[in-house]
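Each remark here refers to the structure printed beneath this line.
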Amino acid sequence: RAELWIALDDGCEMQVGEEVLRPKAGDEIWIPANTKHRLASLGPDVRVLEVAFGNWQQADITRYEDDYRRPDQGE
């Protein structure tokens with residue numbers, strides 16, 4: 825699925841493919857389907873709205889790097 829991330833607050837870092845972004849509140853980031861991506865908070869209170877486009881299955885998530893060591897959804 826493709827995703828649209830909308831930063832609701834300043835203070836987040838988004839990696840889409842090899843590009844690292846630090847969007848401001850209101851910025852929209854498009855993530856094409858099958859593109860590696862990750863999100864990090866640089867502050868205490870950061871919100872991001874995620875909108876998914878296409879067939880949405882929680883089981884299709886592959887975690888390449890995860891600081892919280894969560895399992896892949898398919899496991």
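Just add 824 to the spot in the sequence shown (first one is 1) and you have the working numbering.
No residue lacks a Cβ here, since even glycine has one placed at the ideal position from N, Cα and C.
Just so it is clear, the structure is predicted and the values come from calculations on it, not from any experiment.
For Gln881, does the three-state DSSP call read helix, strand or coil? coil
On the DSSP letters alone, give me the boundaries of the beta strand (DSSP E) that Val844 sits inside. 843-845
Among Asp833, Arg825, Asp834, Leu863, whose alpha-carbon lies nearest the alpha-carbon of Glu843? Leu863
To which residues does DSSP link Leu832 through a beta bridge? Per DSSP, none; premise fails for Leu832.
Relative to the alpha-carbon of Leu845, which residue among Gly867, His861, Ala826 has its alpha-carbon at the smallest distance? His861
Exposure of Leu832, with buried meaning 16 or more beta-carbon neighbours within 10 Å: exposed
Just reading off the beta strand (DSSP E) that Arg862 is part of, what are its end residues? 861-865
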